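Each residue of the sequence shown is one higher than the last, beginning at 299 in this note's numbering. Beta carbons are placed, not taken as given, at the ideal position from N, Cα and C, and that holds for glycine. Source: prediction; values computed, not measured.
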Amino acid sequence: MSDTVRPDLIVPDVIVIGAGVVGLSAALALQQRGKRVVVLDREGPAAGASAGNAGAFAFTDILPLASPGILRKAPKWLLDPLGPLSVPPSYALRIAPWMFRFWRACAPRRVAQSTAAQTALMDLSKAELEPFLHRAGVSSMLRKDGNLQVYEGEAEFRASLPGWQARADHGIAFRHMDAEEMAQIQPGLAPRFTHGTFTPGWYSIADPKVYTLELARRFAADGGVIERAGVTALRPAENSVEVVCAGTTFRAAHVVVAAGAFSHRIARTVGERIPLETERGYNTTLPSGAFDLRTQITFGGHGFVVTRLSSGIRVGGAVELGGLDLPPNFGRSRAMLKKAVSFLPGLDPQGGSEWMGFRPSLPDSLPVIDTARATQRIVYAFGHGHLGLTQSAGTARLVADLVEGRIPAIDLSPFSAQRF
């Protein structure tokens, strides 16, 4: 292994590890502040969760996954291996410490703290989004079609009201609806859905993979460098950080770790023990004519959404806590598609393509946005769960502030790498 900096590259100010939506957003934000930036990724741009997500900027999704409500639902869900939440039996012992931390994070006081922190990051991310899209030249990809959360009966609707009250307390607009009102926004729902809540402030992107690739194109066009390289270790050095890859060592004044579900392995090389796990998400993308979809629909009781993208109709979601190494279980995507056909009787399930991706998740549902214990020259930006796209512009602003030594735009103590 060589300790020599690549001779064909100017030593950058910042190396960003990760070419997903969070890493590339941070790279662009740093570039726009005059930094010379190199992005390293083991597979290249948009190869992971940034390619296959639902495309939503879910700014109203302020409630953490770790909550008393989930604890009430989890036993029933876990009994169904194809349900909204599952843990493969072969992974159960390995994930037990993470699940214990998750259980502790469900305490009401912890939920209130996480909700406040999540709201602050959401507010910043929403404020930063449209200026960021404008600077990147991709404003035309933004959609503002809202989201319709649907419920099967009065009891399920009533159970959702405390969550909506929490949103109302934070100034989030929404409107509860009966079946007739829902049909005006989205025709074609099965009669079993008697109630719904529409949130007009729910944005989406035309296609998350195309969007992420366009960020990469803009970054490169403005002088940025993207290298395909698997990072094996970080080594703090005098006034710099060395980034060790197979056969090559890079060096920069600062390093940003935004490698999604693989980030904790990199952080471990500088002594951090961050309990990052993987929400393995599944979806099926159908042809655009599969259904007349007018807004994103969330089937919260079943843990999945149906979204209209420029590339088709995407049916996906659910949480499988199964780590990075187990093979995909596409029975999960097929189970969601079967339900979607039942819930949307006009949906044509033919001609779809299946996908599985890794969503990096921490027990309290908050990301790590912080500097490393070993050196402030290493900045962490990972663990956003299913909210990476949503929080990408806000995280990019915070990363740029940390690299430049500025006071961050929000209090970052809830996002500390040392909070566990």
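Count the other CB atoms within 10 Å of the CB of residue i; is the residue buried (16 or more) or exposed (fewer)?
{"i": "residue 451", "result": "exposed"}
{"i": "residue 438", "result": "exposed"}
{"i": "residue 391", "result": "exposed"}
{"i": "residue 704", "result": "exposed"}
{"i": "residue 577", "result": "buried"}
{"i": "residue 663", "result": "buried"}
{"i": "residue 709", "result": "exposed"}
{"i": "residue 488", "result": "exposed"}
{"i": "residue 332", "result": "exposed"}
{"i": "residue 522", "result": "buried"}
{"i": "residue 721", "result": "The first residue shown for the chain is 299 and the last is 718, placing residue 721 beyond what the model contains."}
{"i": "residue 623", "result": "exposed"}
{"i": "residue 459", "result": "exposed"}
{"i": "residue 628", "result": "exposed"}
{"i": "residue 374", "result": "exposed"}
{"i": "residue 507", "result": "buried"}
{"i": "residue 699", "result": "buried"}
{"i": "residue 660", "result": "buried"}
Starting from residue i, trace the alpha helix (DSSP H) in both directions and tell me its first and last residue.
{"i": "residue 411", "result": "406-434"}
{"i": "residue 253", "result": "Outside the modelled stretch of the chain, which goes from 299 to 718, sits residue 253, for which no answer is possible."}
{"i": "residue 479", "result": "477-483"}
{"i": "residue 348", "result": "347-350"}
{"i": "residue 395", "result": "390-403"}
{"i": "residue 452", "result": "452-467"}
{"i": "residue 663", "result": "No alpha helix (DSSP H) holds residue 663; DSSP gives it neither H nor E."}
{"i": "residue 368", "result": "366-376"}
Run through DSSP, which three-state label would residue i get?
{"i": "residue 699", "result": "helix"}
{"i": "residue 317", "result": "coil"}
{"i": "residue 563", "result": "helix"}
{"i": "residue 633", "result": "helix"}
{"i": "residue 676", "result": "strand"}
{"i": "residue 500", "result": "coil"}
{"i": "residue 649", "result": "coil"}
{"i": "residue 524", "result": "strand"}
{"i": "residue 300", "result": "Caution applies to residue 300, whose pLDDT of 42 falls short of 50 and renders its modelled position unreliable; the value that the coordinates give is listed next. Three-state DSSP puts residue 300 in coil, outside helix and strand."}
{"i": "residue 602", "result": "strand"}
{"i": "residue 693", "result": "helix"}
{"i": "residue 362", "result": "coil"}
{"i": "residue 640", "result": "helix"}
{"i": "residue 587", "result": "helix"}
{"i": "residue 386", "result": "coil"}
{"i": "residue 354", "result": "strand"}
{"i": "residue 472", "result": "coil"}
{"i": "residue 713", "result": "helix"}
{"i": "residue 328", "result": "helix"}
{"i": "residue 624", "result": "coil"}
{"i": "residue 683", "result": "helix"}
{"i": "residue 322", "result": "helix"}
Between the options, which has its C-alpha nearest residue i's C-alpha?
{"i": "residue 340", "options": "507, 309 and 561", "result": "561"}
{"i": "residue 600", "options": "715, 670, 449 and 485", "result": "449"}
{"i": "residue 537", "options": "488, 672, 482 and 545", "result": "672"}
{"i": "residue 648", "options": "311, 542, 632 and 332", "result": "632"}
{"i": "residue 490", "options": "569, 478 and 353", "result": "478"}
{"i": "residue 464", "options": "417, 433 and 432", "result": "417"}
{"i": "residue 525", "options": "321, 314, 337 and 396", "result": "337"}
{"i": "residue 639", "options": "612, 667, 660 and 623", "result": "612"}
{"i": "residue 371", "options": "695, 699, 636 and 598", "result": "598"}
{"i": "residue 359", "options": "431, 652 and 413", "result": "413"}
{"i": "residue 429", "options": "694, 712 and 715", "result": "694"}
{"i": "residue 680", "options": "455, 334, 442 and 563", "result": "563"}
{"i": "residue 555", "options": "316, 460 and 310", "result": "316"}
{"i": "residue 581", "options": "500, 521, 674 and 380", "result": "380"}
{"i": "residue 559", "options": "435, 432, 620 and 408", "result": "620"}
{"i": "residue 432", "options": "513, 365, 498 and 656", "result": "513"}
{"i": "residue 654", "options": "626, 471 and 419", "result": "626"}
{"i": "residue 557", "options": "436, 445 and 677", "result": "677"}
Please list the terminal residues of the continuous beta strand (DSSP E) segment that includes residue i.
{"i": "residue 594", "result": "594-597"}
{"i": "residue 581", "result": "575-584"}
{"i": "residue 541", "result": "538-543"}
{"i": "residue 339", "result": "335-339"}
{"i": "residue 612", "result": "610-619"}
{"i": "residue 548", "result": "546-550"}
{"i": "residue 535", "result": "529-535"}
{"i": "residue 291", "result": "No answer is possible for residue 291: the residues shown for the chain start at 299 and end at 718."}
Please report whether the beta-carbon of residue i lies at a distance below 8 Å from any beta-carbon of chain C.
{"i": "residue 432", "result": "Chain labels in this structure do not include chain C; a single protein chain is all it has."}
(message) I'd like to know if the stretch 521-539 and the stretch 642-662 are in contact, where contact means that at least 3 CB-CB pairs between them fall below 8 Å.
(response) no
(request) Check whether the stretch 416-424 touches the stretch 485-494, counting contact only when three or more Cβ pairs, one atom from each stretch, lie closer than 8 Å. (result) no
(request) Would you check if there are 3 or more beta carbon pairs closer than 8 Å linking the stretch 604-623 to the stretch 382-400? (result) yes
(request) Please confirm if the stretch 341-354 is in contact with the stretch 682-692, defined as three or more CB-CB distances below 8 Å between the two stretches. (result) yes
(message) Pairs of beta-carbons, one from the stretch 567-574 and one from the stretch 311-327, closer than 8 Å: are there three or more?
(response) no
(message) Check whether the stretch 466-481 and the stretch 390-406 are in contact - that is, three or more C-beta pairs closer than 8 Å.
(response) no
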